[in-house]
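With this note's numbering as the guide, the letters of the sequence shown map in order to residues 217 to 370. All C-beta atoms in this analysis are idealised placements derived from N, C-alpha and C, irrespective of residue type, glycine included. A short worksheet on the structure shown next.
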Amino acid sequence: MALNTQTMTDEQRKSVVLEYLKAFDNGGVTSTGGSILDLFADDAQVYFPKWGLATGKEQIGRLFGEVGGMIKQIEHHYSHFNWIFSGTDTVVCEGTSHGEHRDGPWRAGLPEWGAGRWCDVFEIRDWKIQRVFIYLDPDYAGQDTARYPWLQRG
């Protein structure tokens with residue numbers, strides 16, 4: 217891991233998170249036309265449910281390619297984000313989204329138990345994402361219902 221050479225404010229860390237999320241909404245392309253992977257440190261880690269832990273840009277690129285390859289379109293609801301700042305390198309962002317997965321559309325709150333609500337925990341230093349753990353239901357189209365009896369009650 218690289219030595220910390222720049223002190224960042226919470227607002228600066230927030231700007232990195234927003235650039236990351238907007239790049240997802242833009243097919244993996246940042247506002248400057250670069251790759252979303254440019255936002256990551258070389259030895260960064262990303263966790264995604266049902267995929268696991270990716271370490272380094274090569275594995276992160278594979279994770280994003282495999283997961284992103286199933287998503288036709290996504291839009292994050294920026295005006296509804298909740299932010300938690302730790303006073304250190306950690307930023308937590310909770311939010312909602314809608315879009316279309318290859319298996320069908322989703323929108324947070326429709327149905328209430330469905331996909332679209334998420335929470336990401338970031339560590340950001342030197343303008344690079346060092347770590348992001350993504351917490352969400354990866355069943356975007358809501359097809360995994362048979363295993364949950366409360367969903368069968370309608």
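* Asked: Buried or exposed: residue 274, going by 16 or more other Cβ atoms within 10 Å of its Cβ?
  -> As a first step, residue 274 must be located in the sequence shown, where it is residue number 58. That one is exposed.
* Asked: Near residue 269, which residues of its chain fall below 8 angstroms by C-beta distance, leaving aside the five closest residues on each side in sequence?
  -> Taking the sequence shown and counting its residues from 1, one reaches residue 269 at position 53. Excluding sequence neighbours, residue 269 sits near 261, 262 and 263.
* To do: In angstroms with no decimal places, state the Cα-to-Cα distance between residue 300 and residue 307.
  => Numbered from its first residue, the sequence shown carries residue 300 at position 84. Numbered from its first residue, the sequence shown carries residue 307 at position 91. Near 6 angstroms, if we compare the C-alpha coordinates of residue 307 and residue 300.
* Following the continuous alpha helix (DSSP H) through residue 231, name the residue where it begins and the one where it ends. => Here residue 231 corresponds to residue number 15 of the sequence shown, with the count starting at 1. 226-241 is the span of the alpha helix (DSSP H), which, as asked, contains residue 231.
* Asked: residue 263 by DSSP, collapsed to three states: which one?
  -> Counted from its first residue, the sequence shown places residue 263 at position 47. Residue 263: strand per DSSP, three-state reduction.
* **Beta-bridge pairing of residue 400 - partner residues as DSSP gives them** => Any question about residue 400 goes unanswered here, given that the chain covers just 217 to 370.
* Count the CB pairs spanning the segment 316-324 and the segment 339-346 that are closer than 8 angstroms, and state whether there are at least three. => no
* Give the C-beta separation of residue 266 and residue 354 to the nearest angstrom, bearing in mind that I take them to be a contact with Cβ-Cβ under 8 angstroms. => Here residue 266 corresponds to residue number 50 of the sequence shown, with the count starting at 1. Here residue 354 corresponds to residue number 138 of the sequence shown, with the count starting at 1. The beta-carbon separation of residue 266 and residue 354, rounded to 5 angstroms, stays under the 8 angstroms limit for a contact.
* So, helix, strand or coil for residue 311, using DSSP? -> Locating residue 311 in the sequence shown gives position 95, counting from the first residue. Residue state, collapsed to three classes: strand.
* Asked: Once you ignore the five residues that flank residue 352 on each side, which residues in its own chain have a CB closer than 6 angstroms to its CB?
  -> Residue numbering aside, residue 352 sits at position 136 when the sequence shown is read from its first letter. Closer than 6 angstroms at Cβ, skipping near neighbours: 334.
* Asked: Thinking C-beta only, is residue 245 closer than 8 angstroms to residue 338?
  -> As a working mapping, residue 338 is identified with position 122 in the sequence shown. As a working mapping, residue 245 is identified with position 29 in the sequence shown. Contact: no.
* Asked: What is the rounded straight-line gap between the Cα of residue 282 and the Cα of residue 276?
  -> Numbered from 1 along the sequence shown, position 66 holds the residue referred to as residue 282. Numbered from 1 along the sequence shown, position 60 holds the residue referred to as residue 276. Approximately 10 angstroms, taken between the alpha carbons.
* Asked: What's the C-alpha gap between residue 236 and residue 255?
  -> Walking along the sequence shown from the start, residue 236 turns up at place 20. Walking along the sequence shown from the start, residue 255 turns up at place 39. About 7 angstroms.
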